[in-house]
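Protein chains in written order, with this note's numbering: chain R, 207 to 416; chain P, 207 to 416.
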């Protein structure tokens, strides 16, 4: 079996999307941390000209972009189940991949990156973007267990990390209870990999009992 | 046959992605222009809670987000050919859907929206985003006819409008000749729908002859 390597970083929510997918699939992989300086180097740019993590490598096959890596893993290992059985489902899942790439990244994820990594951001714009997407996701999840259909799909894997980690950027998830509960459901799935800032089931059950 | 309705706007590059796909597929549709004020109304928000165009409606099936609409149309009408025959191709196409949703929108498209529609944008950030994605696309197309594989896919349809229309935002495509030539190849495809600012084949041939 060809070795899988994930080029990532421990606190990257984008890398965590890939970790989650690989863990749920039960696939063994190595993770290599690529710091900010190395991302700008020629060797890493040969893997990803955008100079960003995550990058997924499986033998000669190299793929950048967290949503794209999820699309690949779904097509390879869970076709239909994870990426849509019908054209309608494929479209509905793609909506959340776009939101993950755009609004969820440019809102909650940037607010977190400013606080955790000292990124220079346009804070008022990031807050405005967050306030456009959060109510839409929360309302969507009010009567649903998963974003699309009645099962976990790559929509949930792509959209959840930077929403679960939004408190790192100063967003209180108690204001968005359907998002909060959905991130807890995901953290309760068998194999869910630990992520600092994303409480695992036992932690929030303990907290709720106090 | 169920009537297809595209809620759009004549100068929207995101709506043009859908127009292109429908035209290449030879599907009849109605287009309804939704102005900025109507986008904020309750009736339109029931179709798209993000209050954005385009929205695609086919009977009871309603879908927002230009990339998602392309994913739906591909799965429905050109499975494999337009959205990837293999897991590797599906991943490679998804890379460009992410770039279309994020960098191409938040760079070239915002610079254009400021000039054409008077949007308030962070111009230095939009320019920085444009300067991250333009060299990557140009280099990628240096030795390729299409973004993925040897045929048009939804990667090309998603990524091309706001790159072809980048001159509206002050970007000179002569600085990015491989992008320029690719947008011309796309405009030369049978059925390509006219778009102000995106010269059709006969226009740039005439221009080149002068």
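We treat Cβ as the ideally placed atom computed from N, Cα and C, and that holds for glycine.
Can you confirm whether the region 259-266 of chain R touches the region 310-324 of chain R when touching is taken to mean that 3 or more C-beta pairs between the two stretches lie within less than 8 Å? no
Mind pulling the chain R residues with CB within less than 9 Å of residue 294 of chain P? 267, 269, 278, 281, 282
Rounded straight-line distance, which links the Cα of residue 274 of chain P to that of residue 212 of chain P: 13 Å
State the beta-bridge partners of residue 267 of chain R as determined by DSSP. R:264
At a CB distance below 9 Å, what residues from the region 303-316 of chain P approach chain R? Give them in sequence order. 303, 304, 305, 306, 307, 308, 309, 311, 312
Cβ-based burial, residue 369 of chain P [other Cβ within 10 Å; buried from 16]: buried
From the DSSP output, in three-state form, read off residue 375 of chain P for me. helix
According to DSSP, is residue 239 of chain R helix, strand or coil? strand
Taking the alpha helix (DSSP H) that residue 253 of chain R belongs to, which residues open and close that run? 248-253
Rounding to the nearest angstrom, what Cα-Cα distance links residue 237 of chain R and residue 215 of chain R in this structure? 8 Å
Out of curiosity, what's the CA-to-CA distance linking residue 228 of chain R and residue 235 of chain R? 8 Å
Does the beta-carbon of residue 401 of chain P have 16 or more other beta-carbons within 10 angstroms, so that it is buried, or is it exposed? buried
Using Cβ-Cβ distances below 7 Å, what residues of the region 232-247 of chain P are close to chain R? none
Cβ-based contacts, 9 Å cut-off: residues of the region 328-341 of chain R near chain P: 328, 331, 338, 339, 341
Using 7 Å as the threshold, is the C-beta distance between residue 219 of chain R and residue 367 of chain R below it? yes
I'd like to know whether the C-beta atoms of residue 419 of chain P and residue 288 of chain P end up nearer to each other than 7 Å. No answer is possible for residue 419 of chain P: it lies beyond the span of chain P, which begins at 207 and ends at 416.
Quick one: give me the first and last residue of the alpha helix (DSSP H) that residue 299 of chain R is part of. 293-307
Check the Cβ-Cβ distances between residue 261 of chain P and every residue of chain R, and say whether any is below 7 Å. no
Exposed or buried, what is residue 337 of chain P when buried is set at 16 or more other beta-carbons lying within 10 Å of its beta-carbon? exposed
Taking C-alpha atoms, which residue in R:371, R:278, R:347 lies nearest to residue 319 of chain R? R:371
For residue 386 of chain R, which residues from the same chain have a beta carbon less than 6 Å from its beta carbon, with the 5 sequence-adjacent residues on both sides left out? 379
Which residue's Cα is closest to the Cα of residue 343 of chain R: R:375, R:306, R:267? R:306
Contacts that residue 274 of chain R makes with chain P (C-beta to C-beta distance below 9 Å): 296, 297, 298, 299, 300, 301, 302, 303, 304
First and last residue of the uninterrupted beta strand (DSSP E) at residue 363 of chain P: Not the beta strand (DSSP E): residue 363 of chain P falls in the alpha helix (DSSP H), residues 360-365.
Beta-carbon spacing of residue 276 of chain P, residue 327 of chain P below 7 Å: no
What residue does the beta strand (DSSP E) around residue 210 of chain P start on, and which one ends it? 210-214
Limits of the unbroken alpha helix (DSSP H) element including residue 327 of chain R: Premise fails: residue 327 of chain R is in no alpha helix (DSSP H) and is neither H nor E.
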